[in-house]
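Per the UniProt record's numbering, the sequence shown starts with residue 1, numbered consecutively. Each residue gets a CB set at the ideal place from its N, CA and C atoms; glycine is no exception. Structure record follows, encoded as structure tokens.
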Amino acid sequence: MALLGTVVRMLRTRSRVTSEAIAVDDLLRAVADPSVGGVGLFVGLVRDHDQAGPGATVRWLEYSAHPSAEEAMERIIAEVAESYDAVVAAAEHRVGRLGVGETAVVVAVGAAHRDSALEACRTLIDRIKTEVPIWKRQAFDDGVTSWVGL
């Protein structure tokens, strides 16, 4: 029995939790595909302040991840990509100590159209931040440290 008019879409995904610096260009290359007409990209950086903090300047963040973090991220990437009809999606999150200005997380989604790519990118970063077991501790210039999101 032949299925006429059926389009089989192959979704490519990539996820990584790493102590190495994230190369944004590598993630952009990972979502390059002839069927992609738009790419949504989010780059999360360590900033020098936290509005919920003690008012002091942030010196560094330290990210820790559960061993299941990468698997959880891969599952979320696949779910979001499927929901928004994305062709390719990739995300990487740093662990370890990061200074102000360093890249902490990068999410890239490629889809046929920009609306799908941008909406999927936003949903993906929101879900990674709330569902992937990665925690951060921040240190301020006054010596105070605090865990965020526990």
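- A direct Cα-Cα distance of roughly 10 angstroms separates E20 from L98.
- R127 carries a helical assignment under DSSP once its states are collapsed to helix, strand and coil.
- DSSP places A112 outside any beta strand (DSSP E), giving it a letter other than H or E.
- The Cβ-Cβ distance between A65 and I134 falls below 7 angstroms.
- For A86, the three-state secondary structure derived from DSSP is strand.
- The C-beta separation of I128 from V107 comes to about 7 angstroms, placing the pair in contact by the 8 angstroms criterion.
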